[in-house]
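Report on the structure given below.
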Ligand code: DC
């Protein structure tokens, strides 16, 4: 049986960086589910889909196919109808559309089977918003990663500034607050901590400290499973 680790939490808690590192140290497959939602969002943007028009949405979703693969360095790639869109999905516009469209049940249904199928076959470390609560409720280890809004905004600001992308800290903080609000209050698969998840507040921790903690928890849990 495969061993599954679910990591959930809000944007900017450091999930993807930490999850990638922890998965590599554990030799687990890293699955970034946010990238899948972003790929669907890009497909919807390309088709100029009006999310309020459920017939139009249904037709667009029928035409959209999302798959993932891994490059030679083990980095996840995401494909939209066969095209590698791994960098294009990082645009702010796509992020906004992903936040809006991921609230819709039709969109979530499209990815559920893909995510569960991967976890069934392989030892995966999967990150997202509803992995421990909806997608893999039986995951052997669940982590809820969080950090204060100000800290998350500062991190995002540093990330964009390092890439020479002009941005304002206040705007970013406002954006994060709005996205949190939407992700937490949507009726379908809202972001929330699973009852049996270990909560880690990364506000005052380094990436290495958080990664070490997750790897340690996973090794302990795997040892207990074997015993
Ligand atoms: O983690 P991210 O920023 O790449 O995620 C993009 C959007 O997708 C974000 O608004 C939340 C949503 N998402 C989701 O609803 N469920 C997941 N399992 C992963 C992401």
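Numbering (the numbering used here), first residue to last: 1018 to 1244. Just so you know, even glycine gets a beta-carbon here, dropped at the ideal spot from N, CA and C.
If you count every other CB in all the chains shown that lies within 10 Å of the CB of residue 1244, and 16 or more means buried, which is it? Within the chain shown, numbered from 1, the residue matching residue 1244 stands at position 227. That one is exposed.
Taking the alpha-carbon positions, what's the residue 1239 to residue 1176 distance? In the chain shown, counting from the first residue as 1, residue 1239 sits at position 222. In the chain shown, counting from the first residue as 1, residue 1176 sits at position 159. Spanning the alpha carbons of residue 1239 and residue 1176 requires a straight line of approximately 34 angstroms.
Determine the DSSP secondary structure at residue 1145, reduced to helix, strand or coil. Counting from one through the chain shown, the residue named residue 1145 turns up at place 128. Residue 1145: strand per DSSP, three-state reduction.
Got a list of residues with beta-carbon closer than 5 angstroms to any non-hydrogen atom of ligand 1, in chain order? Every residue passing the under-5 angstroms Cβ criterion appears here: 1028, 1050, 1051, 1054, 1115, 1116, 1119, 1145 and 1146.
Nearest candidate by alpha-carbon position, reference residue 1053, set 1071, 1127 and 1032: The count along the chain shown starts at 1 and reaches residue 1053 at position 36. It is 1127 whose Cα lies nearest to the Cα of residue 1053.
With contact counted as at least three CB pairs below 8 angstroms, one residue from each stretch, are the segment 1161-1171 and the segment 1213-1229 in contact? With the cut-off at 8 angstroms, the segment 1161-1171 and the segment 1213-1229 touch.
So, residue 1077 versus residue 1205, is the Cβ gap smaller than 8 angstroms? Translated into positions along the chain shown, residue 1077 becomes position 60. Translated into positions along the chain shown, residue 1205 becomes position 188. Residue 1077 is not a Cβ neighbour of residue 1205, given a cutoff of 8 angstroms.
How big is the Cα-Cα spacing for residue 1106 and residue 1061? As a working mapping, residue 1106 is identified with position 89 in the chain shown. As a working mapping, residue 1061 is identified with position 44 in the chain shown. Straight-line Cα distance between these residues: approximately 12 angstroms.
Per DSSP, the bridge partner or partners of residue 1054: Locating residue 1054 in the chain shown gives position 37, where the first residue counts as 1. Answer is none; residue 1054 lacks a bridge partner.
Check this for me: beta carbons of residue 1132 and residue 1020, under 8 angstroms apart or not? Locating residue 1132 in the chain shown gives position 115, where the first residue counts as 1. Locating residue 1020 in the chain shown gives position 3, where the first residue counts as 1. 8 angstroms or more divides the Cβ of residue 1132 from the Cβ of residue 1020.
State the start and end residues of the unbroken alpha helix (DSSP H) segment that holds residue 1193. Numbered from 1 along the chain shown, position 176 holds the residue referred to as residue 1193. Per DSSP, residue 1193 belongs to the alpha helix (DSSP H) from 1186-1202.
For residue 1159, which of helix, strand or coil comes out of DSSP? As a first step, residue 1159 is located in the chain shown; it is residue number 142 there, counting from the start. In the structure shown, residue 1159 sits in a strand (DSSP, three-state: E or B).
In the DSSP assignment, the alpha helix (DSSP H) including residue 1179 goes from what residue to what residue? Mapped onto the chain shown, residue 1179 falls at position 162. Run containing residue 1179: 1166-1179, per the alpha helix (DSSP H) assignment.
According to DSSP, which residues form a beta bridge with residue 991? Nothing can be reported for residue 991: it is not among the residues displayed for the chain, which extend from 1018 to 1244.
When you compare the CB positions of residue 1144 and residue 1050, do they come within less than 8 angstroms of one another, or not? The residue labelled residue 1144 in the question sits at position 127 within the chain shown. The residue labelled residue 1050 in the question sits at position 33 within the chain shown. Cβ distance < 8 angstroms, so residue 1144 and residue 1050 count as in contact.
Return yes when the Cβ of residue 1093 is within less than 8 angstroms of the Cβ of residue 1047, no when it is not. Walking along the chain shown from the start, residue 1047 turns up at place 30. Walking along the chain shown from the start, residue 1093 turns up at place 76. Yes. Within cutoff.
Assuming residue 1107 is part of the beta strand (DSSP E), what are its boundary residues? Position 90 of the chain shown holds residue 1107. Following the DSSP letters along the chain, one finds residue 1107 in no beta strand (DSSP E), marked with neither H nor E.
Could you tell me the boundaries of the alpha helix (DSSP H) in which residue 1232 lies? Here residue 1232 refers to the residue found at position 215 of the chain shown. Segment 1224-1243, the alpha helix (DSSP H) holding residue 1232.
To the nearest whole angstrom, what separates the beta carbons of residue 972 and residue 1124, a pair I think is in contact under 8 angstroms? Only positions 1018 to 1244 of the chain appear in the structure, and residue 972 is not among them; the question remains open.
Name the two residues that bound the continuous beta strand (DSSP E) containing residue 1023. Translated into positions along the chain shown, residue 1023 becomes position 6. Note, residue 1023: beta strand (DSSP E), 1021-1025.
Would you say residue 1024 and residue 1148 are within 8 angstroms of each other, going by their C-beta atoms? Numbered from 1 along the chain shown, position 7 holds the residue referred to as residue 1024. Numbered from 1 along the chain shown, position 131 holds the residue referred to as residue 1148. A contact, by the Cβ cut-off of 8 angstroms.
What is the DSSP secondary structure of residue 1124, counted as helix, strand or coil? By one-based count along the chain shown, residue 1124 stands at place 107. Residue 1124: helix per DSSP, three-state reduction.
In the DSSP output, what is residue 1151 paired with across the bridge? Walking along the chain shown from the start, residue 1151 turns up at place 134. Bridge partners of residue 1151: none, in fact.
Alpha-carbon to alpha-carbon, residue 1103 and residue 1085: Within the chain shown, residue 1085 is the residue found at index 68, counting from 1. Within the chain shown, residue 1103 is the residue found at index 86, counting from 1. Straight-line Cα distance between these residues: approximately 10 angstroms.
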